[in-house]
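Engineer: As given, the protein sequences belong to chains U and Z, one line each in that order. The first sequence begins at 0 in numbering that gives the first Met the number 0 and counts up by one. The second sequence begins at 0 in numbering that gives the first Met the number 0 and counts up by one. No residue lacks a Cβ here, since even glycine has one placed at the ideal position from N, Cα and C. Shown below is the structure under consideration.
There are 2 protein chains.
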Amino acid sequence: MIGNPLQATAFHVSTRGEYGMRVMVELARRFGQGSVSLRSVAEGESLPEAYLEQLVASLRRAGLVSGKRGAGGGYQLAKDPSSVTAGDVVRALEGPIEPQVCTAEGDPIVNCPHEPKCGTRQLWVKLQATIAGALDSLTLAELAKWPSERQRARSGSAVLAGAPTMHAPKARA
Amino acid sequence: MIGNPLQATAFHVSTRGEYGMRVMVELARRFGQGSVSLRSVAEGESLPEAYLEQLVASLRRAGLVSGKRGAGGGYQLAKDPSSVTAGDVVRALEGPIEPQVCTAEGDPIVNCPHEPKCGTRQLWVKLQATIAGALDSLTLAELAKWPSERQRARSGSAVLAGAPTMHAPKARA
DNA sequence: GGGATTTCCGATCATTCTGGTAGGGATTGT
DNA sequence: ACAATCCCTACCAGAATGATCGGAAATCCC
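This is the structure in structure tokens:
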């Protein structure tokens, strides 16, 4: 983790998601070049190797990467970067996208006492669909080619059109 | 909490957000009817009153509700339900929408060693904007009128057009 | 004024989650 | 043989979550 939160924040992605995504983008960049050792990724991204091992285990069990043991071994993407979405990676690392248990992917729990008069469920349903849509619409191939040379030349922030909306923070006032 | 997670899930909204949102929807439904005691809300929604006190304190400090002490006192929305969004409520309860510290609302931290070659930032930027957009586009007035009589008559699931996407769960495999 | 009601405030606490570390076994290339 | 590397399990410290508790202050009704 680069900067510690120190304050409550909503929808924060944990280091599992963050580190794991970095690893996947790196593997996507080196796709087709054979096995990549986790050590080289860890050093290149300045991340703790032993911890990455755990995360990569999840990615492997989800069928996103394949490992090869022994000297000269390492990991590589199990599929083409263009056919793996950010959603696949996040789900493998952090579980199904599920704002509430009644709005989960797969088999949502709906026998809820609130349900008959629940005014909030529609909100979580919408949120789930929105988040899943955003994550599933970005592939590793797209992420891997950023930042491009041209972008790096601009040296800076505002990488995408929409910088974070300037809405008031007011955290747990 | 109704059903315990028991398994890691991504983008889960804590009970602060869940309970607090229920309270706000309930206050929206009773808007214009004077003060509503927290006890009546807690009993109506089967939520722990003492815990709600804490959450409502956050909502009050954020200027979303106003409290009145003493017998016959209680809380009421500080503004019209149509001018308060779900995003306002979530931010008051859980802090700014911030997938990563470098993509926070307000003052994101960008002096990040990864930044020059970071392929993941664009993902979190997009995600932040998407989540904020979804939450800011729903008002308490809209939430409060659900489920309508007609919806309740249909007795069931699939309340909104999009039921949760049937994507594979595969949690922390 | 006395009590009942209700918001407000701060402390405490058990459990779970997060973000790792540590150690060792299995497999492969040289 | 040996080094590199994946693979697996256990452990651990600190923070966050989801509350509970006790009491102070304000307000209303009699």
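1) With a 10 Å radius around its C-beta and 16 neighbouring C-beta atoms as the bar for buried, classify Z/Arg15 as buried or exposed.
2) What three-state label does DSSP hand Z/Val181 in the structure shown?
3) Run through the stretch 66–111 of chain Z for me and flag every whole beta strand (DSSP E) of 3 or more residues, listed as ranges in chain order.
4) Return the first residue and the last residue of the alpha helix (DSSP H) that Z/Glu141 is part of.
5) Can you give me the C-alpha to C-alpha distance between Z/Leu37 and Z/Ser65, rounded to a whole angstrom?
6) Are the C-beta of U/Lys144 and some C-beta of chain Z separated by less than 9 Å?
7) List the residues of chain Z whose Cβ lies closer than 7 Å to the Cβ of U/Pro98, in chain order.
8) State buried or exposed for U/Glu42, treating a residue as buried only when at least 16 other CB atoms are found within 10 Å of its CB.
9) With 8 Å as the limit, tell me which residues of the stretch 73–103 of chain Z have their beta carbon closer than that to any beta carbon of chain U; keep them in chain order.
10) For U/Thr129, go through chain Z and note every residue whose CB falls closer than 8 Å to its CB, in chain order.
11) Output, in sequence order along the chain, the residues in the stretch 17–32 of chain U whose CB is closer than 7 Å to any CB in chain Z.
12) Suppose contacts are defined by Cβ-Cβ distances below 9 Å. Is U/Leu139 in contact with U/Ala27 by that definition?
13) Pop quiz: Z/Glu25 and Z/Val40 are said to be a contact at Cβ under 8 Å. What is the actual Cβ separation, rounded to whole angstroms?
Structural biologist: By the coordinates alone:
1) buried
2) Here chain Z has residues from 0 to 172 only, and residue 181 of chain Z is not among them.
3) 73–76
4) 139–143
5) 12 Å
6) yes
7) Phe10, His11, Val12
8) exposed
9) Ala85, Gly86, Val89, Arg90, Ala91, Leu92, Glu93, Gly94, Pro95, Ile96, Glu97, Pro98, Gln99, Val100, Cys101, Thr102, Ala103
10) Thr129, Ile130, Gly132, Ala133
11) Glu17, Met20, Arg21, Val24
12) yes
13) 5 Å
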